[in-house]
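> Please find one structure pasted underneath; my questions will follow.
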Amino acid sequence: MGSRITRFSPVVAVGLVAGLTTCREQPSGPKLPPTSQAVAIMPGVPTVILSHVEPAASAAAAARSAGGVTVQAATGPVQFRRTPGEGGSWVDMAVGGTAYFRDVAWEATYTIEATDDGDYWDSNISFPGGGGAQFPRITYYKNYGGETDCFVVGFQSLCGATTASVEDILSIQCQATGTYTYELFQNGGRVFSGTFFLKPTLPPGTWTSYNQNAFPGDPYNTLCYISDSSGDSHDCAPGGAEKKVSIATKGCALTAAAMVLSYFGIPIDPKALNDYLVGLDDGGYTSDGYVNWQGVLARAGQDNVRLGFEKTDPGTVSAADLRNRICRFGPQIVQVTNKKGGTHFVMVTGLNDAGTDFTIADPASGGNTSLRDTYGDFVSVREFEPTSQPDWDAVLSADAHSPVQLLLTDPLGRITGYDPVRGQDYSEIPSSAYDSSGLETLLDDGSGVQIDPLWKELDVRQAVDGDYTLAVTGTAAGTYRLNVRGYDRLHRHSSFVVSDVPIGQGEVHQYGIHFNSADMSAGTLPISGGFAGGGQRSDVNALLSYARPGDSRTSLPLGTTTYSLMIFYDVAIDAATFQAELNGVPVESLFHPVPGTNEVVTIALEPGRNVLKLLVTGSPGGRSGTDRDHLVFLVE
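Each residue of the sequence shown is one higher than the one before, counting from 0 in the numbering used here.
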C-alpha cells in the first residue's frame with residue numbers, strides 16, 4: 000500500500016494534503032472509535048496532521064536516541080515550531096521558547112508507535128488567562144474498514160504502518176499573548192508538558208533600524224533653508240549657495256518609510272530612498288516637501304512587492320485597531336507629537352509583554368523604545384499591508400500650505416475635510432482621511448521647530464470615477480499653495496499645482512476635478528474653476544471658469560487697488576478669439592489663454608464699480624458656442 004498523508008481539520012490550515020482516506024465502515028476492535036469533533040476555543044483552532052515515517056524512525060527508536068526532550072517509548076520527542084508571518088517554512092523553536100503574534104501558526108511535532116489495538120493519544124493546549132482547546136484524539140486499530148494498521152481521527156485514517164508522524168497545529172496570529180501550555184497523553188497518561196510564550200511584537204531582526212541623524216550631510220528632497228533661525232524652507236535656488244535641508248533635520252517620515260520597506264525585504268536606506276523619490280517623474284514629494292507615500296509604494300513595486308496603503312484621520316484608529324494591523328500586516332507608521340509640540344513619524348513594531356504600550360523604531364534615535372513613554376499617544380496612522388491584487392488603488396490626493404482648510408465632495412455628494420465656517424470635520428468618503436497637523440523640522444542643535452502648523456493633507460483611496468469639488472477656505476489673509484494628484488489603477492499619474500494664490504479670511508475658492516480610475520496618464524489633472532460665470536448653456540459656460548472669484552459680483556474694502564483672479568481655460572477654447580475688457584479698456588495682454596491651462600491674473604481696480612468682460616469661442620462636444628462673462632468688483 001502506498002504512503003498517504005492524512006490531515007484532520009475543521010478549517011483550512013497550513014500544509015500540503017495528499018491521499019485523503021474517508022472511512023465508510025464501522026471499525027472493528029475492542030474499543031469504540033473516538034469522538035472526532037475538535038474543540039475550537041479562541042484564540043486558535045486545533046488541527047492534526049498525520050503522515051507516515053520510515054520504520055527506523057519509529058517512536059521507540061527515536062525516544063531511545065533523542066537528544067532533546069525524552070518521553071515514553073511509544074511517543075517520540077516533542078519539537079515545537081512556528082510559521083513566521085513574514086513568510087517561509089516552519090522554524091524550530093525551543094520548548095519554553097518564544098513565538099510572535101504575527102506568526103501564522105505554532106505546532107508540536109512528534110512520532111507515535113502503536114503496539115495494541117485501541118492505543119490512543121490526546122493532546123490539549125491551555126491559553127493565557129484561562130481556557131484552552133483539545134486536539135482531536137488519535138486512535139490505532141489493527142483492522143479498520145478493510146485495511147490494517149490504521150491511525151484514525153474521526154472519519155479519516157492513515158493505514159499501513161504502526162508508526163506515524165504527528166503535527167498538532169494551532170493558529171496563533173493576532174491571538175492572546177502570554178504563556179501557552181501544551182500537554183500530550185498516551186492511553187490516558189501524560190507523557191509530555193511544555194510551554195511557549197507568544198510575544199506581542201514582530202520578530203527581532205525582521206527590519207533594519209535607521210537613525211535620521213546619521214545623515215546630517217545628505218540633502219532631503221531639494222529643499223534649502225530660507226533662514227537658519229526660522230527653520231522655514233523652499234526649493235533650492237540655482238547656484239548651490241543656500242544651505243540645504245538634510246535628512247537629519249526633516250527626514251523622519253522618509254526614515255520610517257525606509258524601515259518599513261526593509262521589513263518587506265527591500266534593502267534601502269533613507270539616502271537611497273530620498274534619491275529615488277527625488278527622481279520620480281510623478282513626484283516623490285508633495286509641493287510642500289513632504290513624503291508622497293505613492294512614491295514609497297512605487298519603490299516597493301520596483302522590487303515586485305505590492306503594498307496597500309491608507310492614511311487615517313487623527314483620532315480615528317484605536318490602540319486595538321493598531322495592534323491588529325501590526326499582527327496581520329507588519330509594521331505601521333504613526334504620526335506623533337513630540338514634547339516641543341512638533342509632529343514626528345515613527346514605526347510601530349508591536350507592544351511590550353504586558354500589552355500596555357507600543358514598541359517603536361524611532362528615526363530620531365535609531366533605537367527601539369516605547370511610544371507612550373517617549374511621545375504619549377499616536378495621532379494618526381500611515382497604514383501599510385502586503386497585497387496580491389493586480390491593480391493599484393485609484394487615489395485622489397491634495398495637499399495645501401496655510402492659511403486654508405480643504406473640503407472635498409465626491410460624485411456621490413459625500414464629504415471629507417474640514418469646514419471652518421461651521422467648525423465641522425467630515426469623513427464621509429470611504430477610505431479617506433484629512434490631516435491638518437503641523438510638521439516639524441529639527442535644527443542642527445536637535446531642537447524642534449514647528450514650521451507649518453497649518454499644513455493640510457487630504458487623501459482618498461479607492462476613489463470613484465466622476466466629478467469632484469474641492470473647496471479651499473481661507474482661515475486668514477495670505478496666499479496658499481495647492482497640489483492635487485490623481486493615480487489610476489496602473490499607478491499612472493496626473494497633477495495640478497498652483498502657488499501664491501491670494502485668499503482672505505472666510506473666502507472660498509472652488510475647484511472642479513474630473514477623476515478617471517482607468518486612465519490618469521495625461522500628466523495634467525483635468526481641473527476647472529468651481530464658478531463658471533453663468534449666462535450660457537453649461538458646456539459653453541465651462542469654456543472659462545474661475546476658482547477666484549466665486550461669484551459674478553465681488554465686494555472689496557475701500558482702498559483695494561488690485562484683485563487677482565484665478566482663471567481656467569477649457570481644452571475646447573479657440574485662444575485666438577479671446578477678448579478681455581476692464582472698465583471699457585482692452586486688457587487682453589494681461590491674459591495668456593492656452594487650452595487646458597490656468598493662470599492667476601492681477602487687474603487694477605478703481606474706487607466704486609469695476610466691470611471685467613471676458614469672451615471666448617470654443618467647440619465643446621463639437622458644438623460651437625461663445626462664453627461671455629461679466630465680473631463686477633465693487634470697491635466701497
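The beta-carbon is built from N, C-alpha and C at its ideal position, and this holds for glycine as well.
What would DSSP say about Met565, mapped onto helix, strand or coil?
Strand.
> State the start and end residues of the unbroken beta strand (DSSP E) segment that holds Met92.
Looking at the DSSP string, the run of the beta strand (DSSP E) that includes Met92 is Val90 to Met92.
> With a threshold of 16 other CB atoms inside 10 Å of the CB of Glu24, please say whether the residue is buried or exposed.
With a pLDDT of only 32 at Glu24, under 50, the local geometry of the prediction cannot be trusted, and no value is derived from it.
> So, for Arg305: in the same chain, excluding its five sequence neighbours on each side, which residues have a beta-carbon less than 6 angstroms away from its beta-carbon?
Contacts found: Thr386.
> May I have the straight-line CA-CA distance separating Gln133 from Phe383, to the nearest angstrom?
Straight-line Cα distance between these residues: approximately 36 angstroms.
> Which one of Ala475, Ser431 and Pro313 has the shortest CA to CA distance from Ala462?
Minimum Cα distance to Ala462 is reached at Ser431.
> Hey, is Ala475's beta-carbon within less than 8 angstroms of any beta-carbon in chain D?
Among the protein chains of the structure shown there is no chain D, as only one such chain exists.
> Got a sec: does the ligand ATP put a non-hydrogen atom nearer than 7 angstroms to the Cβ of Cys251?
Within the structure as shown, the ligand ATP is missing, as the structure has no ligands at all.
> How long is the line joining the alpha carbons of Val70 and Phe191, rounded to whole angstroms?
Summary for Val70: the model assigns pLDDT 40, below 50, so the residue's position carries little reliability, and this model does not support an answer.
> If distances are taken between C-alpha atoms only, which option among Leu489, Asp167 and Gly117 comes closest to Gln388?
Checked all of Leu489, Asp167 and Gly117; the closest Cα to Gln388 is Leu489.
> Check whether the region 99-114 and the region 193-203 are in contact - that is, three or more C-beta pairs closer than 8 angstroms.
The region 99-114 is in contact with the region 193-203.
> Return the CA-CA distance between Leu543 and Ala521, expressed in angstroms with no decimal places.
The straight-line gap from Cα to Cα measures roughly 21 angstroms.
> Going by DSSP, what residue range makes up the beta strand (DSSP E) through Leu633?
Leu633 -> beta strand (DSSP E) spans Gly624 to Val634.
> I'd like to confirm the pairing. Which residues does DSSP put opposite His508 in its beta bridges?
Val471.
> Once the 5 residues before and after Tyr321 are set aside, which same chain residues still bring their CB inside 6 angstroms of it?
The sequence as given places Leu at residue 321; Tyr does not occur at that position. Here the set comprises nothing.
> Return yes when the Cβ of Ala163 is within less than 8 angstroms of the Cβ of Ile111, no when it is not.
Yes; because the gap between Cβ atoms is below 8 angstroms, this pair is in contact.
> So, at 6 angstroms on beta carbons, what are the nonlocal neighbours of Asn391 in its own chain, with the 5 sequence-adjacent residues on each side left out?
What sits at residue 391 in the sequence shown is Trp, not Asn. Arg488 and His490.
> Can you tell which of Ala546, Cys158 and Trp89 has the C-alpha that lies nearest to the C-alpha of Leu169?
That would be Trp89, whose Cα lies nearest to the Cα of Leu169.
> If you follow the alpha helix (DSSP H) that Trp391 is part of, which residue opens it and which one closes it?
Looking at the DSSP string, Trp391 is not in any alpha helix (DSSP H), and its letter there is neither H nor E.
> Could you check if Phe590 is buried or exposed, using at least 16 other CB atoms within 10 Å of its CB as the buried criterion?
So Phe590 ends up on the buried side.
> Applying the 10 Å Cβ sphere with the 16-neighbour rule, what's the burial state of Asn323?
Flag for Asn323 reads exposed.
> Tell me, to the nearest whole angstrom, how far the beta carbon of Ile526 is from that of Val483; I am working on the premise that it is less than 8 angstroms.
Right, their Cβ atoms sit about 7 angstroms apart.
> Check whether the region 272-284 and the region 351-362 are in contact - that is, three or more C-beta pairs closer than 8 angstroms.
Output reads no: the region 351-362 does not touch the region 272-284.
> Taking 8 angstroms as the cut-off, decide whether the C-beta atoms of Leu457 and Ile512 are in contact.
Not in contact: Leu457 and Ile512 (Cβ atoms no closer than 8 angstroms).
> Can you name, in chain order, every residue of its own chain whose Cβ lies under 6 angstroms from the Cβ of Val295, other than the five neighbours on each side?
Counting only Cβ-Cβ distances below 6 angstroms, and skipping sequence neighbours, we find Ala256.
> Between which two residues does the beta strand (DSSP E) harbouring Cys158 extend?
Looking at the DSSP string, the run of the beta strand (DSSP E) that includes Cys158 is Gln155 to Cys158.
> Tell me whether the beta-carbon of Phe377 lies closer than 8 angstroms to the beta-carbon of Pro362.
No, they are not a contact pair.
> With a 10 Å radius around its C-beta and 16 neighbouring C-beta atoms as the bar for buried, classify Gly422 as buried or exposed.
Gly422 should be labelled exposed.
> If I'm right that Phe530 touches Pro548 with Cβ under 8 angstroms, what's the distance once you round it to whole angstroms?
Between Pro548 and Phe530 the Cβ distance is about 7 angstroms, and since that is below 8 angstroms, they are a contact.
> Taking Gly128 as the reference, which of Val586, Ala353, Thr561 and Gly84 has the closest Cα?
Considering only alpha carbons, the answer is Ala353.
> My parser needs the alpha helix (DSSP H) runs of 4 or more residues fully inside the region 302-369; what are they?
If we require 4 residues or more, the alpha helix (DSSP H) runs fully inside the region 302-369 come out as 318-328.
> Assuming Thr523 and Gly595 are in contact, meaning their beta carbons sit under 8 angstroms apart, how far apart are those beta carbons, in whole angstroms?
Rounded, the Cβ-Cβ distance is 7 angstroms, consistent with contact.
> Between the Cα of Ile171 and the Cα atoms of Gly329, Gln293, Pro45 and Ile267, which residue gives the shortest distance?
Comparing Cα-Cα distances from Ile171 to each of Gly329, Gln293, Pro45 and Ile267, the minimum goes to Pro45.
> The alpha helix (DSSP H) spanning Ile641 covers which residue range?
Lying before the first or after the last residue shown, residue 641 is absent from the chain, which here runs from 0 to 635.
> Would you list the residues sitting across from Gln133 in a DSSP beta bridge?
Asn123, per the DSSP bridge assignment.
> Have a look at Gly412 and Gly86 and give me their C-alpha separation to the nearest angstrom.
Going by the C-alpha atoms only, they are around 42 angstroms apart.
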